[in-house]
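One structure is given below, encoded as structure tokens.
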């Protein structure tokens, strides 16, 4: 009888201690969180940020909302220059839709550790001449 109780106890212990391997719960999007403007590049060259530029914050919420604040230097103090809210959506393959002020843009965002960046190109008004294009990269770091 003791062996039967011991076997049943071990059997019960094995089945109650197993964790669920259910992978059906969605993983959190890596964009969700609070991000600060971190670095800025033009054609691969890092340019220094103004002290107040590094105060810029973007918050991406899990419900698809976003908010941001840009700062300017006002007599040595960083003050909010512009703040707004909008929405975002993950389009897949690192592509995100971002809507602010009623305008929607699509950005390809690359994540590296606790940073993300996106790039865009300015054709300087000469779309048929790529020789004067400027490629910008904006880097944000997770707060």
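Numbering (our numbering), first residue to last: 40 to 182. Yeah, the Cβ is synthetic: ideal placement off N, Cα and C, and Gly gets one too.
Counterpart residues of residue i in DSSP-defined beta bridges
{"i": "residue 117", "result": "112"}
DSSP three-state assignment for residue i, whether helix, strand or coil
{"i": "residue 132", "result": "coil"}
{"i": "residue 92", "result": "helix"}
{"i": "residue 66", "result": "coil"}
{"i": "residue 106", "result": "strand"}
{"i": "residue 101", "result": "coil"}
{"i": "residue 162", "result": "coil"}
{"i": "residue 175", "result": "strand"}
Span of the beta strand (DSSP E) around residue i
{"i": "residue 72", "result": "72–81"}
{"i": "residue 147", "result": "142–151"}
{"i": "residue 168", "result": "It is not in any beta strand (DSSP E) - residue 168 carries neither H nor E in the DSSP assignment."}
Inter-residue spacing [alpha-carbon to alpha-carbon] between residue i and residue j
{"i": "residue 123", "j": "residue 133", "result": "24 Å"}
{"i": "residue 144", "j": "residue 94", "result": "23 Å"}
{"i": "residue 136", "j": "residue 96", "result": "18 Å"}
{"i": "residue 197", "j": "residue 167", "result": "Any question about residue 197 goes unanswered here, given that the chain covers just 40 to 182."}
{"i": "residue 146", "j": "residue 126", "result": "13 Å"}
{"i": "residue 150", "j": "residue 164", "result": "30 Å"}
{"i": "residue 138", "j": "residue 128", "result": "9 Å"}
{"i": "residue 155", "j": "residue 107", "result": "16 Å"}
{"i": "residue 130", "j": "residue 119", "result": "30 Å"}
{"i": "residue 140", "j": "residue 109", "result": "14 Å"}
Check: residue i C-beta below 7 Å from any heavy atom of the ligand HEM
{"i": "residue 115", "result": "Of the ligands one can find in the structure shown there are none, so the ligand HEM has no counterpart to examine."}
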